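Listed in order, the protein sequences are those of chains F and D. According to my numbering, numbering within the first sequence proceeds without interruption in unit steps and concludes at 1598. According to my numbering, numbering within the second sequence proceeds without interruption in unit steps and concludes at 241. We put the beta carbon where it would ideally sit given N, CA and C, even for glycine. All figures in this text were calculated on a predicted structure; none of them were measured in a lab.
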Amino acid sequence: MSQRTLPKTDVVIVGGGWTGLTAAYELANAGQRCVVLERGRHRHTATSFAGPEEHDELKYALRYTHMQDVKKETLTFRNNRDQQALPMRRLGSFLPGSGLGGAGIHWNGQIWRPLPSDLEMRSHYEDRYGSQFISDDLTIQDWGVTYDELEPHLDFFERICGAAGYAGNLNGETRAGGNPFEGSRTADYPNPAMKQPISNTLFGKAAEKLGYNPFPMPSANVTQAYENPYGAQLHPCTYCGFCERFGCGYYAKADPIICVYDRIKDHENFEIRFEAQVLQVEKSADGKTATGVTYLDENGVEVFQPADTVCLNAYALWNVHLMLVSGLGTPYDPETRTGTVGRNYSYQTIAAVDAFFDDSITTNPFMGAGALGVVVDDFNGDNFDHSELGFLGGGYIACKQYHGRPISYQPVPEGTPRWGAEWKRAVRENYNRHADLVIHGSSVSTHENYLDLDPTWTDAYGRPLLRMTFNFPDNDRKMSDYVMNRAVEIAREMDNVTSVKSVNLAAEGNDYSVVPYQTTHNVGGAVIGTDPATSVVNRYGQMWDHHNVFVFGACLFPQNLGYNPTGPLMGLAYWTLDHMKNDYLSNPRPLMDA
Amino acid sequence: MSQLFSRRAVLMQIGSAVIAGASSVPRHAFADLDSQPWFFLTDDEARWLAAIVDVFIPQDEFPSASQAGVVDFIDFQMATGYGQGEGLYLKGPFPEGTPQQGYQLPMTPAEMMRAGLTELRGETDLTAMPTADRAAWVDDLSNRDNMLGDVPSSTFFEELLSLTNEGYFADPIYRGNADYAGWRMVGFPGAHAYYTERVGDNKPTNQPPMGIAHGQLNQVSPRKIEQGG
Ligand SMILES: Cc1cc2nc3c(=O)[nH]c(=O)nc-3n(C[C@H](O)[C@H](O)[C@H](O)COP(=O)(O)OP(=O)(O)OC[C@H]3O[C@@H](n4cnc5c(N)ncnc54)[C@H](O)[C@@H]3O)c2cc1C
Ligand code: SF4
């Protein structure tokens, strides 16, 4: 048991990333005394991420120096229930963050909104295609919160980030050059879209020729001097190409340190403790509420921090892990298909297309930025007719130039050997002649993809590891194939392209692997909804079983959209905080009847 | 015949184009490592590694892997964090897994390096093999599915290949990529990155590469590796 008990605080927040620091900002300003517990260290954009030292591909992109240490916490993984799950001994497929700012310091800054239909996925498909359309093995469901409800919060987060883009649907009016499929916006992006390199421009032209609707990817790589609503000053992006996996010492990539932390750190209601590893959430004797959290402090002392309200902001996977080790909610059991914690884990379905140019094109791939892309959304969500396709969902197709870091950026045409003289020549000749297309696909939830606790392996603190059981559902294999083939057609249509190759990570026969990087878009496991039998939290992000526990992050997604998660999950965070501030805190109780 | 793969030897052996390229870097004060012992490798291991990494990245207009310091890089990596198991969860038990489950060996990269090198060197003295035959031997190694002691040959092979690639292209502070060999080859300008004005210009970049410690630290040239034959 705990060696020390601290005085009670109003709110304890587990995790100091995008959602945790934002919760602290909003709740501290609403008069709540907030304690943030962050397992990693203090670091700062100004002092920790400056070039040229930060521009070290080996240290940050390949040795993961900014990310979570798997020696302390990791998970076990298997493709299906017949296998024994084994520890993920090294990071690979996804790269969770640790330290001030969480993964928010080393994200790309691709900042999206969900499509309105994404949030009502089950009812939308049933309405449009009939109730038989959705196959029985899919557990997709509605979010319980609509686009119109989230819109002001999605908009606010774009302002916090100084998002750069071009609205395609402003107050219901479609504008050429933007995304015609997006939900209606009440305001344009706060900053103009990024400049595009030649590869992305040629992609856009080809897409247009084929009748699609290319637009600049919305970015949290800021394009001009900008002050956000909290008073943070952001600077224009230098297209430095050390963006994803790196912190941005230029103050140009919106991150939770400069955008949020610096604006709250001196507030009397705010306190953050570093190297504070939360081990579990404690419950009251009747089990109905949480009483606070137990953590290991920087000296290894076990401390109990009592609190009236507990916010879980530890990243999707570790929120679910904390619930499971603390006995919050009911764990999902795939045998009986009952229970909710760990249910509906899903991911992102990725395919890639490489186009190679003749020598009249010089791409200079190192002039890149995390969200430097041109996108078509014509095959995302339900933006296209699915009636004859045999799958649901979709993805965006983007041509991106996000880095030219030479260890990892080695595009070579089909048939090139993996080493030797021919390989060496191909690496040299194609470095400047390549367009990088990604198919960023949705991921449906099923009965068989889920999270629970591992029976064998433990973390550095003696807790059972989280166990992930996941493989690509057939629906997504088909979806990815279909959208990838549309991307191949665009690539073939691009001017000056001499050859094209493609790979679908979810192709028939390819089992999901934790080894190659795909995305850090782990979602689900503690999903939002209106029915306690199929969701862990109600539509306000409040746990059904413990009304003073609020949950943030992508674990809320009932299935994954075709977009990157941070825009949507921050929209949800502001929505939850709004209801905490304006309703719950003055009268703590379940905000919905179970 | 013994071959010297030092930086000086490289400059003497290869064509004038590269000498012209390389001679634009004399602002480095080159401190030779030759008199210092390896951090991790033995001389014999270093020679064997030089032979195999030069099959992965042979010399052409640009230096080979060992000429660019890849063996020095591997030596340094094995002696420091990565080689010593940083970022690697090493709690047992260690049952065999599927490829999708990733690395499952009960050893650090340095331990794996030693085990693999010991087995393979015991089996084949690559340094004694005529250069022309080495590529075929490496190709064969890549297709094996036997064990090298406790290490599956494919795991060892992939580790060597990726370390070689890293050593050729990582910032020279890690002792590979000597004279920016890898960066010059592809045209990567390095760590000092500011391109706002140039995005979209579709023009070649002629900026010479600059690493993290450019002009500040003594750059280290690769050790000489005597290749017995
Ligand atoms: C390489 C990369 C690129 C990405 N690019 C994009 C992108 O372009 N667009 C996009 O939308 N998303 C992107 N993401 C995802 C994005 O980073 C996350 O969605 C976002 O950071 C989630 O915020 P969060 O607050 O939920 O979690 P995090 O930012 O991960 O913060 C969680 C914090 O909790 C701490 N923590 C965890 N467990 C404990 C514990 N037990 N005790 C105490 N502290 C704990 C962690 O150390 C961490 O600091 C990317 C992620 C990565 C890694
Ligand atoms: S590309 Fe732009 S936003 Fe990204 S790290 Fe570089 S300067 Fe910052």
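When you measure from the CB of residue i to every non-hydrogen atom of ligand 1, does any distance come out below 7 Å?
i, result
"leucine 1099/F", "yes"
"alanine 1375/F", "yes"
"glutamine 1281/F", "yes"
"tyrosine 1319/F", "yes"
"glutamine 1114/F", "yes"
"alanine 1107/F", "yes"
"asparagine 1204/F", "no"
"phenylalanine 1556/F", "yes"
"glutamate 1042/F", "yes"
Identify the contact partners of residue i in chain D, using a Cβ-Cβ distance below 8 Å as the criterion.
i, result
"tyrosine 1656/F", "Lying before the first or after the last residue shown, residue 1656/F is absent from chain F, which here runs from 1005 to 1598."
"tyrosine 1255/F", "Near tyrosine 1255/F there are no residues of chain D at all, since even the closest Cβ is about 14 Å away, more than 8 Å."
"asparagine 1083/F", "Thr110 and Gln112"
"threonine 1420/F", "Those within 8 Å of threonine 1420/F in chain D number zero; the least Cβ separation is about 14 Å."
"aspartate 1073/F", "Gly99"
"threonine 1205/F", "Gly212"
Roughly how far, in whole angstroms, is the beta-carbon of residue i from the beta-carbon of residue j, given that I think they are within contact range, below 8 Å?
i, j, result
"tyrosine 1516/F", "glutamine 112/D", "7 Å"
"valine 1039/F", "arginine 1277/F", "7 Å"
"glycine 1187/F", "asparagine 1173/F", "7 Å"
"aspartate 1159/F", "threonine 1190/F", "6 Å"
"valine 211/D", "methionine 1371/F", "5 Å"
"glycine 1181/F", "phenylalanine 1219/F", "6 Å"
"phenylalanine 1185/F", "asparagine 1479/F", "Between asparagine 1479/F and phenylalanine 1185/F the Cβ distance is about 21 Å, and since that is not below 8 Å, they are no contact."
Hey, would you say the C-beta of residue i is under 7 Å away from at least one heavy atom of ligand 2?
i, result
"phenylalanine 1246/F", "yes"
"threonine 1420/F", "no"
"asparagine 1225/F", "yes"
"cysteine 998/F", "Any question about residue 998/F goes unanswered here, given that chain F covers just 1005 to 1598."
"cysteine 1165/F", "no"
"cysteine 1263/F", "no"
"phenylalanine 1250/F", "yes"
"tyrosine 1230/F", "no"
Run down chain D in chain order and give the residues with a C-beta less than 7 Å from the C-beta of residue i.
i, result
"arginine 1094/F", "Gly99, Leu100, Gly114 and Tyr115"
"isoleucine 1202/F", "Gly212 and Asn214"
Which bits of chain F does residue i rub up against, with CB to CB less than 9 Å?
i, result
"alanine 205/D", "Gly1055, Pro1056, His1059, Thr1242, Tyr1243, Cys1244, Gly1245, Phe1246, Phe1370 and Met1371"
"valine 67/D", "Trp1423 and Gly1424"
"glycine 227/D", "By Cβ distance, chain F contributes nothing, its closest Cβ being about 11 Å from glycine 227/D, past 9 Å."
"leucine 173/D", "Arg1422 and Trp1423"
With a threshold of 7 Å, establish whether the CB of residue i neighbours any heavy atom of ligand 3.
i, result
"phenylalanine 1370/F", "For the structure depicted, ligand 3 is absent and the ligand set comprises only ligand 1 and ligand 2."
Run down chain D in chain order and give the residues with a C-beta less than 9 Å from the C-beta of residue i.
i, result
"tyrosine 1068/F", "Gly99"
"lysine 1199/F", "Thr208, Val211 and Gly212"
What residues from chain F crowd round residue i, counting only those whose CB sits closer than 8 Å?
i, result
"isoleucine 224/D", "Pro1056, Glu1057, His1059 and Asp1060"
"aspartate 157/D", "By Cβ distance, chain F contributes nothing, its closest Cβ being about 17 Å from aspartate 157/D, past 8 Å."
"aspartate 72/D", "Ala1425, Lys1428 and Arg1429"
"lysine 103/D", "Pro1091, Trp1461 and Thr1462"
Tell me, please, whether the CB atom of residue i is closer than 8 Å to any CB atom in chain A?
i, result
"proline 107/D", "The structure shown contains no chain A; its protein chains are F and D."
Applying a beta-carbon distance threshold of less than 7 Å, which residues of chain F neighbour residue i?
i, result
"leucine 61/D", "Going along chain F, no residue has its Cβ under 7 Å from leucine 61/D, so there is no contact; the nearest lies around 14 Å."
What beta strand (DSSP E) runs, 3 residues minimum, are completely inside the stretch 1202-1278 of chain F?
-> 1274-1277
Can you give me, in chain order, the residues of the stretch 1040-1066 of chain F that have a beta carbon less than 8 Å from any beta carbon in chain D?
-> Gly1055, Pro1056, Glu1057, His1059, Asp1060, Glu1061, Leu1062 and Leu1066
Taking Cβ-Cβ distances below 8 Å as the criterion, which residues of the stretch 112-138 of chain D are in contact with chain F?
-> Gln112, Gln113, Gly114, Tyr115 and Gln116
Using a Cβ-Cβ cut-off of less than 9 Å, list which residues of the stretch 177-194 of chain D approach chain F; keep chain order.
-> Asn177, Glu178, Tyr180, Phe181, Ala182, Asp183, Ile185, Tyr186, Asn189 and Gly194
Compile a chain-ordered list of the residues in the stretch 79-100 of chain D whose CB is closer than 7 Å to at least one CB of chain F.
-> Tyr94, Gly99 and Leu100
Report the residues of the stretch 1219-1252 of chain F with a CB closer than 8 Å to any CB of chain D, ordered along the chain.
-> Pro1240, Cys1241, Thr1242, Tyr1243, Cys1244, Gly1245 and Phe1246
Interface positions of the stretch 1505-1538 of chain F facing chain D (Cβ-Cβ less than 7 Å), listed along the chain | Asp1515, Tyr1516, Ser1517, Val1518 and Val1519
Could you name the residues of the stretch 1343-1375 of chain F whose beta carbon sits closer than 7 Å to any beta carbon of chain D, in the order they occur along the chain?
-> Ile1365, Thr1366, Asn1368, Phe1370 and Met1371
Mind listing which residues of the stretch 210-222 of chain D have their C-beta closer than 7 Å to chain F's C-betas, in chain order?
-> Arg210, Val211, Gly212, Asn214, Lys215, Pro216 and Thr217
Could you please tell me which residues of the stretch 1468-1479 of chain F, in chain order, have their CB closer than 7 Å to any CB of chain D?
-> none
What residue ranges within the stretch 1302-1335 of chain F form continuous alpha helix (DSSP H) runs of no fewer than 4 residues, ordered along the chain?
-> 1320-1330
Chain-ordered residues of the stretch 1399-1417 of chain F with a beta carbon less than 7 Å from chain D = Gly1408, Pro1410 and Ile1411
In the stretch 1475-1511 of chain F, which residue ranges form an unbroken beta strand (DSSP E) of at least 3 residues, counting only runs that do not cross its ends?
-> 1501-1508
Segments assigned alpha helix (DSSP H), at least 4 residues, entirely inside the stretch 1395-1448 of chain F = 1425-1434
Fully enclosed by the stretch 1045-1087 of chain F, which alpha helix (DSSP H) runs are 4 residues long or longer?
-> 1049-1052
Going along the chain, which residues of the stretch 143-154 of chain D sit with their C-beta nearer than 7 Å to a C-beta in chain F?
-> Ala147
Residue ranges of each beta strand (DSSP E) within the stretch 1448-1475 of chain F, 3 or longer = 1454-1462 and 1468-1473
In the stretch 119-202 of chain D, which residue ranges form an unbroken alpha helix (DSSP H) of at least 4 residues, counting only runs that do not cross its ends?
-> 121-135, 143-155, 165-181 and 193-198
Mind checking the stretch 1257-1285 of chain F against chain D and listing, in chain order, the residues whose C-beta falls within less than 7 Å of any C-beta there?
-> none
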